[in-house]
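Numbering (full-length UniProt numbering), first residue to last: 1 to 313.
From the three backbone atoms N, C-alpha and C, an ideal C-beta is built for every residue, glycine too.
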Amino acid sequence: MAGEAEACLLEIQQMMFIIFFSQVVQNQRRQERTQRRRRLRRIVRNRRVLGLNAAALAAAIAIADGGGPVERLVWTKERSSQWWEHLVLETYSNFEFYRRFRMRKDTFQFLVNDLQHRLYRRDTWLRHAIPVPQRLAIAIYWLASGDLLRTVADLFGVSEGSVCNIVLDVCQAVVDVLLPRYLTFPSGERLRETVQGYREKWGFPQCGGAVDGSHIPIEAPSEGRTDYYNRKGFYSIILQGVADHMYRFTDINVGWPGSVHDARVLRNSEVFQRAERGTLLPQELAREIDGTNIPVKLLGDATYPHLNWLLKA
Numbered sequence: 001m002a003g004e005a006e007a008c009l010l011e012i013q014q015m016m017f018i019i020f021f022s023q024v025v026q027n028q029r030r031q032e033r034t035q036r037r038r039r040l041r042r043i044v045r046n047r048r049v050l051g052l053n054a055a056a057l058a059a060a061i062a063i064a065d066g067g068g069p070v071e072r073l074v075w076t077k078e079r080s081s082q083w084w085e086h087l088v089l090e091t092y093s094n095f096e097f098y099r100r101f102r103m104r105k106d107t108f109q110f111l112v113n114d115l116q117h118r119l120y121r122r123d124t125w126l127r128h129a130i131p132v133p134q135r136l137a138i139a140i141y142w143l144a145s146g147d148l149l150r151t152v153a154d155l156f157g158v159s160e161g162s163v164c165n166i167v168l169d170v171c172q173a174v175v176d177v178l179l180p181r182y183l184t185f186p187s188g189e190r191l192r193e194t195v196q197g198y199r200e201k202w203g204f205p206q207c208g209g210a211v212d213g214s215h216i217p218i219e220a221p222s223e224g225r226t227d228y229y230n231r232k233g234f235y236s237i238i239l240q241g242v243a244d245h246m247y248r249f250t251d252i253n254v255g256w257p258g259s260v261h262d263a264r265v266l267r268n269s270e271v272f273q274r275a276e277r278g279t280l281l282p283q284e285l286a287r288e289i290d291g292t293n294i295p296v297k298l299l300g301d302a303t304y305p306h307l308n309w310l311l312k313a
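Structure follows, in structure tokens:
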């Protein structure tokens, strides 16, 4: 049971990392769209045609052509969710489910139970709401596969717009509900277990976690692209993570452009602020080794500065 719980936690953390990066990229693109809209509005204001703005001119042309309101011929397009409702739910083995969704069925059901209250939607007089398991599956499948929105929409029998909205809803629900529960730096007994684990498993005493940065590749943004071009020769967003002795992340910091140095990312993180205040690694966990009092520290590579609470490799 302990092994299954560990696997479930790792799968949840993997999903959260993907969600964090997708949110960072979405925010970046949202800012770019806002800037483009502002530029277009300035262009429209500066280009008057016969004293009419672009919207009024378009309306005048439509009236001149005799155009009126366009009647909607089809209110909703007929779609099929047979793949999800019958093939996946009724016939997929745990192995097949993992291949498509990058998590086991047990982990998926665990997430359904935890996010039920956030993802539930009521039926309306126009249509039935998409059930919570299907909403969660849509988001996880898109995050795990990277398929086009229309491909995911066809598989689950929904519209592309629904896929987009559901992904955003699920991502926000995961951040609000699961992040405070499953991605927190250890304290108390958990921190003691981490220190003991590093000593027994890796032979390294007085270690409360290992910190490092990783470059996550992204497409070159239209604005400020040079900021995201890293020393390795590609565009990226930086993930700073702290992990325990079991490879489980206990803290992450996501969003800095790829050109930023790891030391700067660390100095602007919550881990740094807490460590400097003395609330991250309590002094009472210090231990005497060969006559020297050794406090608990984090491990980092040579890119990080010398700090009282950070031991450089």
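- With respect to the 8 angstroms criterion, Leu-143 and Leu-111 are not classified as neighbours on the basis of their beta carbons.
- In the three-state reduction of the DSSP assignment, Phe-185 falls in the coil class, being assigned neither a helical nor a strand state.
- Comparing alpha carbon positions, the residue from Pro-180, Pro-131 and Ser-187 closest to Ser-162 is Pro-131.
- Pro-217 is positioned such that its CB atom lies no closer than 8 angstroms to that of Tyr-228.
- Counting only residues of its own chain and dropping the five nearest sequence neighbours on each side, Gly-258 has a CB closer than 7 angstroms to the CB of His-215, Tyr-228, Tyr-229, Asn-230, Tyr-235, Ser-236, Ile-237 and Ile-238.
- Exposure of Glu-223 is indicated by the presence of fewer than 16 other C-beta atoms within 10 angstroms of its C-beta.
- In terms of Cα proximity to Glu-200, the closest of Gln-283, Arg-277, His-245 and Arg-267 is His-245.
- In this structure, Ala-139 and Val-170 form a Cβ contact; the two beta carbons are roughly 4 angstroms apart against a cut-off of 8 angstroms.
- Annotation for Leu-119: Val-132, Arg-135, Leu-136, Asp-169, Val-170 and Ala-173 place their beta carbon closer than 8 angstroms to its own, counting only its chain and skipping 5 residues before and after.
- Shortest Cα-Cα distance from Leu-285 to any of Gln-196, Arg-127 and Gly-233 involves Gln-196.
- Around the beta carbon of Thr-250, 16 or more other beta carbons lie within 10 angstroms, which makes this residue buried.
- Below 8 angstroms, too few C-beta pairs join the segment 150 to 164 and the segment 89 to 108 to call them touching: fewer than three.
- A residue is called buried once 16 or more other Cβ atoms fall within 10 Å of its Cβ, and Pro-305, having fewer, is exposed.
- Look at Trp-309 here: in three-state DSSP terms it is coil, with no helix or strand label.
- Taking a C-beta distance under 8 angstroms as the contact criterion, Leu-299 and Leu-280 do not qualify as a contact pair.
- Taking C-beta atoms under 8 angstroms as the contact rule, Ala-263 and Thr-292 fail to qualify, at a distance of about 27 angstroms.
- As DSSP reads the structure, Asn-253 sits in a beta bridge with Gln-240.
- Cβ-Cβ distances below 7 angstroms link Ser-269 to Gln-240 and Asn-253 in the same chain, with the five nearest sequence neighbours on each side left out; the list follows chain order.
- Leaving aside the five residues that flank Phe-185 on each side, the residues in its chain whose CB is nearer than 6 angstroms to its CB run, in chain order, Thr-250 and Asp-251.
- Between Met-103 and Glu-32 the beta-carbon gap is near 32 angstroms, outside 8 angstroms, which marks them as no contact.
- Gly-157 places its beta carbon less than 8 angstroms from that of Ser-81.
- Val-175 is positioned such that its CB atom lies no closer than 8 angstroms to that of Asp-114.
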